[in-house]
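In terms of this note's numbering, the sequence shown has 203 at position 112, counting the first letter as 1, and numbering is strictly consecutive. Where is the CB? At the ideal position from N, CA and C, for every residue including glycine. Beneath this line is the structure, given in structure tokens, with notes to follow.
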Amino acid sequence: MARPPRILVSNDDGYFSEGLRALVEAVTPLGEVWVVAPDREQSATSHAISLHRPLRIQEIRERWYAVDGTPADSAYLAINHILKDDRPQLMVSGINHGPNLADDVMYSGTVAAAMEGALLGVPAIAFSLVSRAPFDFGPAARFARALVASALSRPLPKRMLLNVNIPGGVEPDGYAITRLGRHTYGYAVSEKVDPRGRKYYWIGGNEYEHEDIPGSDCNAVHRDNRASVTPLHLDLTDARQMTDLGGWALEGFQRFRPDGG
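Quick look at the structure:
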């Protein structure tokens with residue numbers, strides 16, 4: 092009998108989070124599940140890794156570990172240490188307690204954990220629930236199980252990275268393959284003064300507005316009540332800007348083609 096596929100689970104809300112437990116329960120029937128996740132809340136830490144301090148791993152129970160680092164640290168240690176001799180076939184991250192739509196992916200620890208997996212050659216999927224507390228992870232967990240089952244049934248590119256957002260509150264009306272949208276949070280800064288007269292600041296946390304972009308993840312979730320599945324790639328090069336920059340002339344410097352010619 093073939094051995095069940097090995098599935099790595101991580102997140103940015105911590106190993107104890109309700110969303111992670113829902114994701115673990117959803118994918119457990121599909122393979123051998125290992126959890127390696129931060130030991131505390133790590134939302135919006137993006138792809139930070141800890142290079143200037145030691146990291147500690149605590150075994151919570153069999154195949155379940157907490158890391159005193161970032162989501163990317165957790166993925167790195169899982170793949171390069173805990174599971175180095177038998178790497179996972181798939182990594183899943185989430186289910187995040189809130190959306191990771193559009194520009195959110197640049198800040199998201201949930202997406203960063205999956206991205207670290209993809210960078211290390213493990214296909215990865217990040218799941219987020221577009222909702223506020225109290226959270227109902229049931230519909231998102233059911234969609235995650237269906238998507239993971241489909242992913243495990245086929246050969247996957249080693250650097251595959253999918254960002255998935257599921258509407259909260261009700262069952263989604265299907266799903267759509269989408270592109271990243273765009274939205275703004277207002278970017279307000281709140282200035283305060285502590286008891287010793289020193290200023291301090293709170294940033295972020297404002298309501299956001301998304302642009303109406305056809306085919307975007309924001310439209311799929313907010314307008315159509317559909318789960319969005321957005322394939323991401325790790326090459327951030329803007330090919331159009333490369334062409335535009337070719338028209339710049341820098342006095343005193345010769346420009347060469349990208350191939351060195």
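The Cβ neighbour count for Arg317, taken over all protein chains shown within 10 Å, is at least 16; the residue is labelled buried. Restricting attention to beta strand (DSSP E) runs no shorter than 3 residues, the segment 284–328 encloses them at 290–294, 318–323, ordered along the chain.
Straight across, the Cα-Cα distance linking Leu114 with Ile294 is about 30 Å.
For the set Pro286, Phe107, Ala231, the Cα lying nearest the Cα of Val118 is the one of Ala231. His172 carries a helical assignment under DSSP once its states are collapsed to helix, strand and coil.
Less than 8 Å separates the beta-carbon of Gly185 from that of Ser219. Taking the Cα positions, Leu253 is about 43 Å away from Asp285. Residue pairing of Asn102 in beta bridges, as defined by DSSP: absent, with no partner found. Ile257 sits away from Val213, with the two beta carbons spaced by 8 Å or more. Per DSSP, Ala242 is one residue of the alpha helix (DSSP H) stretching across 229–243. For Asn187, the closest of Leu210, Gln149, Gln180, Phe228 by C-alpha to C-alpha distance is Phe228. Within the same chain, Cβ atoms closer than 8 Å to the Cβ of Val100 are found at Leu111, Leu114, Val115, Val118, Val124, Trp125, Val126, Val127, Ala128, Met182, Val183, Ser184, the five residues on either side in sequence being excluded. With respect to the 8 Å criterion, Asp177 and Arg97 are classified as neighbours on the basis of their beta carbons. By the Cβ neighbour-count rule, Ser108 is buried, with 16 or more other Cβ atoms within 10 Å of its own. Using a Cβ-Cβ distance cut-off of 8 Å, the segment 300–308 and the segment 271–290 are in contact, since at least three pairs of beta carbons, one from each stretch, lie closer than that value. Under a 10 Å Cβ-count criterion, Ser165 is classified as buried, with 16 or more other Cβ atoms of the shown protein chains found around its own Cβ.
Gly272 is the residue among Gly272, Arg154, Gly122 whose C-alpha sits nearest the C-alpha of Val312. Under DSSP, Tyr266 takes part in a beta bridge, and its partners are Ala318. Our two residues, Leu323 and Val202, have alpha carbons roughly 10 Å apart in a direct line.
Apart from the 5 residues on each side of it in sequence, Cys309 sits with its Cβ closer than 7 Å to the Cβ of Leu192, Ala193, Gly272, His274, His301 in its chain, given in chain order. Just so you know, the alpha carbons of Gln133 and Asp103 end up roughly 5 Å apart. Here Met182 is bridged, per DSSP, to Leu99, Ala215.
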